[in-house]
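Letter by letter, the sequence shown follows residues 0 to 439 in numbering that gives the first Met the number 0.
Have a look at the structure below before the remarks.
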Amino acid sequence: MRSDPASQAAGLAGFAVPAKRPGESLVGITVLKAIIVGAGMGGLTAALELSGRGHEVVVFEAAARISPLGVGINLLPHSVRVMDGLGLQDQLLAHGVATRELVYFNKFGQRIWGEARGRFAGYDWPQISLHRRALQSVLLEAAAQRLGSEAIRSDRKLVQFEEVDAKVVAHFTDQSGKLAVSAEADLLIAADGLHSAARKQLYRDEGQPIYAGRILWRGVTRAKPFLTGASMIMAGFQDEKFVCYPIEGVGEDGLQTINWIAEVTRDVLKNREDYNRAGQLNDFLPVFESWDFGWLDAGALIRAASQVFEYPLVDRDPIPRWSFGRMTLLGDAAHPMYPIGSNGASQAILDAYALGEALDSHRDVETALHAYEAARQPSTAAIVRANRGNGPEQCMQLVHERAPHGFENIDEVITPAELEEIAARYKQVAGFSKDALGKR
Numbered sequence: 000m001r002s003d004p005a006s007q008a009a010g011l012a013g014f015a016v017p018a019k020r021p022g023e024s025l026v027g028i029t030v031l032k033a034i035i036v037g038a039g040m041g042g043l044t045a046a047l048e049l050s051g052r053g054h055e056v057v058v059f060e061a062a063a064r065i066s067p068l069g070v071g072i073n074l075l076p077h078s079v080r081v082m083d084g085l086g087l088q089d090q091l092l093a094h095g096v097a098t099r100e101l102v103y104f105n106k107f108g109q110r111i112w113g114e115a116r117g118r119f120a121g122y123d124w125p126q127i128s129l130h131r132r133a134l135q136s137v138l139l140e141a142a143a144q145r146l147g148s149e150a151i152r153s154d155r156k157l158v159q160f161e162e163v164d165a166k167v168v169a170h171f172t173d174q175s176g177k178l179a180v181s182a183e184a185d186l187l188i189a190a191d192g193l194h195s196a197a198r199k200q201l202y203r204d205e206g207q208p209i210y211a212g213r214i215l216w217r218g219v220t221r222a223k224p225f226l227t228g229a230s231m232i233m234a235g236f237q238d239e240k241f242v243c244y245p246i247e248g249v250g251e252d253g254l255q256t257i258n259w260i261a262e263v264t265r266d267v268l269k270n271r272e273d274y275n276r277a278g279q280l281n282d283f284l285p286v287f288e289s290w291d292f293g294w295l296d297a298g299a300l301i302r303a304a305s306q307v308f309e310y311p312l313v314d315r316d317p318i319p320r321w322s323f324g325r326m327t328l329l330g331d332a333a334h335p336m337y338p339i340g341s342n343g344a345s346q347a348i349l350d351a352y353a354l355g356e357a358l359d360s361h362r363d364v365e366t367a368l369h370a371y372e373a374a375r376q377p378s379t380a381a382i383v384r385a386n387r388g389n390g391p392e393q394c395m396q397l398v399h400e401r402a403p404h405g406f407e408n409i410d411e412v413i414t415p416a417e418l419e420e421i422a423a424r425y426k427q428v429a430g431f432s433k434d435a436l437g438k439r
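Listed below in structure tokens is the structure:
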């Protein structure tokens, strides 16, 4: 599939004017024209990173209208460090909650263990819990201001890309499939998510995402604060798990917006993943109806939600290469993982930063992309594998297996050293151990 010069010109119109003109040198590479596919967390962060380093950027988004959706999300300190570098940390904190602690419980509400998080654990950056809508809105507003609103284009779905004369050409259609637009650039960054069209072109036989045998139902509820009012809790075990945390401060009514996740094993997947699918209470509420711990009533939280969404737990096997010529993958397009350990959005943000660093450090695009891949592919593959083993939530599974009917003394079930080792190992794998983050 080739594009004629007229359609290429139409596709290229509206590139933002960078701080430096094309051809002038940065620390490493000359100023580039970059196409980013996808206006999610990774794509918008990449747009801000590259634009801030002087490159010309245009973002193409498949949705007819960029309308931030979703429920709660967590940003770990290493990704907040990137947001701070982009000047967005304070805005994000204003929309969310600086998470104070993470605490694990069994299905009876008995405390297994807990740890301080973010600045409360001595990091220089907080862990931030907020609504996904707020995060995307902050990123989108910043991108529109810094790149120019004309550089963010909706209703443009990637269908194919190719290299032509030392350039990369991306071909798009609108939602109807009738309008075809092509754009040429020095670099293509595919941040187009779990069902990435770019990844499918590269790995045609990969097939559908891999189902883990578990369904997540998610919602947000206005309710009274629990524990510290800035606590994140996880209760249960692999087959029956409840997670919740506040994503806004306490309002004048004395209530908070609390994000919750109810996860249950389901051997058969009736529907493929669709992150806007409404969930049905009868499918999962009976499991959690009795989970009233006194300080938290899971059943009441679920019943009081205005909307419930259904998310099959899926990921993909790590792939050996993300970068081919002048294009690369980023975020869920490169390494979709289970939402365990609060890592999905954070890893996409780290990808964007690493890509900007690589482009600043090398003299040609292909070398820079291979350096970016070498920096990020091994670590994200390790997180995918760790999350399949329940990541830091492994402690709940171990306690359930050893004491399925509850316990009187947690130290007789699992030792403090074992608990600390599970948490420390995951921080090391995920790249946010305090020592490692300080050194970077």
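Idealized CB from N, CA, C, for every residue including glycine.
(message) Is the separation between the beta-carbon of ARG213 and that of ARG276 shorter than 8 Å?
(response) Between ARG213 and ARG276, the gap from beta carbon to beta carbon reaches 8 Å or more.
(message) Output needed for VAL307: all residues of its chain with C-beta closer than 6 Å, excluding positions within five of it in sequence on either side, in chain order.
(response) Closer than 6 Å at Cβ, skipping near neighbours: TRP216, GLY218 and GLY278.
(request) Measure the C-alpha to C-alpha separation of LYS223 and VAL242 and round it to an integer number of angstroms. (result) So the alpha carbons of these two residues sit roughly 16 Å apart.
(request) Can you grab the Cα-Cα spacing for the pair VAL263 / PHE236, in whole Å? (result) Their Cα atoms are separated by approximately 9 Å.
(message) If distances are taken between C-alpha atoms only, which option among LEU368, ALA297 and ASP123 comes closest to ASP185?
(response) Per the Cα distances, LEU368.
(request) Under 7 Å Cβ to Cβ from ALA429, same chain only, skipping five residues before and after it: list those, please. (result) Within the same chain, GLY340, ASN342 and ILE382 come within 7 Å of ALA429 by CB-CB distance, once the 5 residues on both sides are set aside.
(request) Go through its chain and collect everything with a Cβ distance to GLU140's Cβ below 7 Å, but skip five positions before and after it. (result) Excluding residues within five positions, none has a Cβ falling inside 7 Å.
(message) Short of 6 Å in beta carbon distance, which residues of its chain neighbour PHE119, apart from the five on each side in sequence? Order them along the chain.
(response) Once the five neighbours on either side are set aside, the close Cβ partners of PHE119 are ARG99.
(request) Kindly say whether GLY388, judged by its beta-carbon, lies nearer than 8 Å to any beta-carbon of chain C. (result) Looking at the structure shown, chain C is missing, and only one protein chain is on hand.
(request) Report the option in SER181, GLY206 and LEU254 whose CA atom is closest to the CA atom of VAL57. (result) The closest CA to that of VAL57, considering only SER181, GLY206 and LEU254, is found on SER181.
(request) Please look up how many angstroms separate the CB atoms of ALA189 and VAL36, rounded, as I've assumed it's under 8 Å. (result) Taking C-beta atoms under 8 Å as the contact rule, ALA189 and VAL36 qualify, at a distance of about 5 Å.
(request) Evaluate GLU205 with the Cβ neighbour count: other Cβ atoms within 10 Å of its Cβ, from every protein chain shown; 16 or more gives buried, anything less gives exposed. (result) Answer is exposed; the Cβ neighbour count stays below 16.
(request) Would you kindly work out how many angstroms separate the C-alpha atoms of VAL137 and SER153, rounded to a whole number? (result) The straight-line gap from Cα to Cα measures roughly 17 Å.
(request) Leaving out five residues on either side along the sequence, give the residues of the same chain with a beta carbon under 8 Å from the beta carbon of ARG447. (result) Residue 447 is absent from the structure shown; the chain starts at 0 and stops at 439.
(request) Would you mind working out which of SER345, ASP410 and ASN408 sits nearest PHE431, comparing C-alpha positions? (result) Considering only alpha carbons, the answer is SER345.
(message) List, from N- to C-terminal side, the alpha helix (DSSP H) runs of 4 residues or more that fit wholly inside the region 365–403.
(response) Uninterrupted alpha helix (DSSP H) stretches at least 4 residues long and entirely within the region 365–403 occur at 393–401, given in chain order.
(request) May I ask which residues mark the beginning and end of the alpha helix (DSSP H) holding THR44? (result) THR44 -> alpha helix (DSSP H) spans 40–51.
(message) Here's a check: name, in chain order, each residue in its chain whose Cβ is nearer than 7 Å to the Cβ of THR227, leaving out the five neighbours to either side.
(response) Taken in chain order, the residues that qualify are ARG99 and GLU100.
(message) Measuring straight from C-alpha to C-alpha, what distance separates ARG20 and VAL30?
(response) With a pLDDT of 33 at ARG20, under the threshold of 50, the modelled position of that residue is not reliable, and no figure is offered here.
(message) Going by DSSP in three states, ARG362 sits in which element: helix, strand or coil?
(response) Three-state result, ARG362: coil.
(message) Could you tell me which whole beta strand (DSSP E) segments of length 3 or greater appear in the region 51–105?
(response) Here the runs fully enclosed are 55–59, 71–74 and 100–104.
(request) State yes or no: is the C-beta of TYR337 within less than 8 Å of the C-beta of ALA211? (result) Annotated as proximal: TYR337 and ALA211, with beta-carbon spacing under 8 Å.
(request) Count the other C-beta atoms from every protein chain shown that fall within 10 angstroms of the C-beta of LYS269, then say buried if there are 16 or more, exposed otherwise. (result) Flag for LYS269 reads exposed.
(message) Count Cβ pairs between the region 383–392 and the region 73–91 that sit closer than 8 Å; are there 3 or more?
(response) These segments do not touch.
(request) Measure the Cβ-Cβ separation of LEU92 and ILE127 and say whether it is below 8 Å. (result) The answer is yes: Cβ separation under 8 Å.
(request) Report the residue from PHE406, GLN393 and LEU397 whose alpha carbon sits nearest the alpha carbon of ARG424. (result) ARG424 has its Cα closest to that of GLN393, out of PHE406, GLN393 and LEU397.
(request) Would you tell me roughly how many angstroms separate the C-alpha atoms of TRP124 and GLY86, rounded to the nearest one? (result) TRP124 and GLY86 have their C-alpha atoms spaced approximately 13 Å apart.
(request) Please determine, among SER378, TRP290, ALA416 and GLU247, the residue with the shortest C-alpha to C-alpha distance to ARG132. (result) It is GLU247.
(message) Need the endpoints of the beta strand (DSSP E) that GLU161 sits in, please.
(response) Note, GLU161: beta strand (DSSP E), 156–163.
(request) Apply the 10 Å Cβ neighbour rule to GLY390 and answer buried if 16 or more other Cβ atoms are within range, or exposed otherwise. (result) Buried: at least 16 other Cβ atoms inside 10 Å.
(request) Determine which residues share a DSSP beta bridge with TRP259 and list them. (result) In the DSSP assignment, TRP259 is bridged to GLY218 and CYS243.
(request) Tell me whether GLU372 is buried or exposed, calling it buried when 16 or more other Cβ atoms sit within 10 Å of its Cβ. (result) Counting Cβ neighbours within 10 Å, GLU372 comes out buried, since at least 16 surround it.
(request) Tell me MET336's beta-bridge partners as DSSP assigns them. (result) Answer is none; MET336 lacks a bridge partner.
(request) Note down the Cα distance separating ILE151 from HIS399, rounded to an integer number of angstroms. (result) ILE151 and HIS399 have their alpha carbons spaced roughly 48 Å apart.
(message) In the DSSP output, what is TRP124 paired with across the bridge?
(response) None; TRP124 has no bridge partner.
(message) Excluding the 5 residues flanking LEU300 on each side, which residues of the same chain have their C-beta closer than 7 Å to its C-beta?
(response) In chain order, THR220, ALA222, CYS243, ILE257 and TRP259 place their CB closer than 7 Å to the CB of LEU300, counting only its own chain and leaving out the 5 sequence neighbours on each side.
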